[in-house]
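Undergrad: Here you go, one structure.
Numbering (mature numbering (1 follows the signal peptide of the UniProt record, and there is no 0)), first residue to last: -23 to -1, 1 to 270.
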C-alpha cells in the first residue's frame, strides 16, 4: 500500500515538474560521474612488503578505481564512457598498466526501448562486443530523500548477483613451494565466504526532476536519472549535469569485436584470470613479465 502511494506521488510529481524540453525529439543531456572504491588493505596482511610498497600499491589502485565518466542520454538511449586523463608519474606505467587496462570496461550503450545492452571490451589484445539484455533489478522504492546538487533525490535499493568473475578475487595464491599451503579448513571457509558474497546490496539515489529511465554503468529502471550508486566498496556520484547542450554528441552503439553475452565474457575472463594466478604461483608474474629464476 505504501509503495503504491509512493509511486502515485512520484507520478503526480513528474506530471507537475516535467518541463517541455524532455518532450523535444532532439532532447539530450550529459551527466558526469566520479567513481571511488575503498581499498581493502587487509589483503596484504602477513605479506613481507614495506610500507613504501603498500603506498605505491594504494596509489596504483586509486588510479585504476578513481575515474570520471560521462553519460550522454536521450529519451531511450545512453552511452557511458570513461574520460581519458593523463596518469601521474609512477602510477601506471609498464606491465602493471597493461594488465590493469585489460580489466577496464569499454563504452557501454543502453537502449531502454529495445531492452538492449552493448559494450565494447578489449581483453589482452582481443576485441569483444558484449551484447545482452539490460540488467533486471527488482527496485524497492524508499521514501527517503536527499539533495544532490540542485536535485531532490529519492532512495531505491535492490539485490544484485555478482558475476562469476570478481576482480577483487584476483590474489596471488599461497606459495606451496615454501610450505605455506593454505590449510583445508581455511580453504573451505574462504569458499563459504565467496558464496556469501555472490550477492551485493545496491543503493541508489535518483531524481524525478530528470524523468529519464537511465543511470551510470549498467544501472537503469527508475522514474528518474540515477545520480548516485553505492554497491560494495564502490560509490558512483554525479558531479555535474548539462541539459540540452549546444553541441550535441551523437549516441552511437558499439559494433566492433567478437559478439558474446555477458555470461560468456565473464567465463573468458575467469579462465584467463585463473591462468594468471597459476602463472603467479609458479613465479612467472603477469603475462609478458619475466619469470623468476
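From the three backbone atoms N, C-alpha and C, an ideal C-beta is built for every residue, glycine too.
Kindly give me the distance between the Cβ atoms of residue 179 and residue 137, rounded to whole angstroms, as I take these residues to be in contact under 8 Å.
TA: 5 Å
Undergrad: For residue 98, write down the residues that DSSP places opposite it in a beta bridge.
TA: 105
Undergrad: From the DSSP secondary-structure annotation, give me the bridge partner or partners of residue 182.
TA: 132, 205
Undergrad: From 247, 207, 227, 5, pick the residue whose C-alpha is nearest to that of residue 134; which is it?
TA: 207
Undergrad: Have a look at residue 151 and residue 30 and give me their C-alpha separation to the nearest angstrom.
TA: Only weak support exists for where residue 151 lies, its pLDDT of 46 falling under 50; the coordinates are left without a value.
Undergrad: Below 8 Å on the Cβ atoms is my guess for residue 231 versus residue 95; work out the distance and round it to an integer in Å.
TA: 5 Å
Undergrad: Can you say whether residue 108 is buried or exposed, counting buried as having 16 or more other CB atoms within 10 angstroms of its CB?
TA: buried
Undergrad: For residue 246 and residue 236, what's the separation of their Cα atoms in angstroms?
TA: 15 Å
Undergrad: With DSSP as the reference, please indicate the residues paired to residue 221 in a beta bridge.
TA: In the DSSP secondary-structure assignment, residue 221 is not bridged to any residue.
Undergrad: When the Cα atoms are used, what is the spatial distance from residue 281 to residue 233?
TA: An answer regarding residue 281 cannot be provided, because it is not within the stretch -23 to 270 covered by the chain.
Undergrad: Leaving out five residues on either side along the sequence, give the residues of the same chain with a beta carbon under 6 Å from the beta carbon of residue 218.
TA: 8
Undergrad: Considering only C-alpha positions, which residue in the set 205, 253, 224, 238 is nearest to residue 12?
TA: 205
Undergrad: Could you give the first and the last residue of the continuous beta strand (DSSP E) run that contains residue 237?
TA: 235 to 237
Undergrad: Quick check: residue 28 and residue 44, are their CB atoms within less than 7 Å of each other?
TA: Contact: no.
Undergrad: Straight-line CA distance for residue 271 to residue 255?
TA: Nothing about residue 271 can be read from this structure; the chain reaches only from -23 to 270.
Undergrad: Could you tell me how far apart the beta carbons of residue 130 and residue 183 are, in whole angstroms, since I believe they sit closer than 8 Å?
TA: Between residue 130 and residue 183 a beta carbon distance of about 6 Å is seen, short of the 8 Å cut, so the two are scored as contacting.
Undergrad: Quick one: grab the DSSP three-state call for residue 243.
TA: Under the three-state reduction of DSSP output, residue 243 falls in the helix class.
Undergrad: For residue 239, which residues in the same chain have their Cβ closer than 6 Å to its Cβ, ignoring the five residues on either side in sequence?
TA: Counting only Cβ-Cβ distances below 6 Å, and skipping sequence neighbours, we find 107, 109.
Undergrad: Less than 7 Å between C-beta atoms, sequence neighbours within five positions excluded: which residues of the same chain meet that for residue 53?
TA: 88, 89, 90
Undergrad: Does residue 49 pass the burial test, meaning 16 or more other C-beta atoms within 10 Å, or should it be called exposed?
TA: By the neighbour-count rule (16 or more Cβ atoms within 10 Å), residue 49 is buried.
Undergrad: Roughly how far, in whole angstroms, is the beta-carbon of residue 114 from the beta-carbon of residue 198, given that I think they are within contact range, below 8 Å?
TA: 6 Å
Undergrad: I'd like to know whether the C-beta atoms of residue 121 and residue 132 end up nearer to each other than 7 Å.
TA: yes
Undergrad: What's the C-alpha gap between residue 51 and residue 226?
TA: 10 Å
Undergrad: Excluding sequence positions up to five away, which residues of its chain have a Cβ less than 6 Å from the Cβ of residue 210?
TA: Residues 14, 15 of the same chain have their beta carbon placed closer than 6 Å to that of residue 210, with the five preceding and five following residues left out of the count.
Undergrad: If you run the structure through DSSP and keep just helix, strand and coil, what is residue 256?
TA: Here residue 256 carries a helix assignment [DSSP, helix/strand/coil].
Undergrad: In this structure, does DSSP put residue 250 in helix, strand or coil?
TA: In this structure, residue 250 counts as helix in the three-state DSSP scheme.
Undergrad: Since residue 86 and residue 117 should fall inside the 8 Å C-beta cutoff, what is the C-beta to C-beta distance between them, to a whole number of angstroms?
TA: Actually they are not in contact, since the Cβ atoms of residue 86 and residue 117 sit about 27 Å apart, beyond 8 Å.
Undergrad: Would you report the Cα separation of residue 258 and residue 193, rounded to the nearest angstrom?
TA: 37 Å
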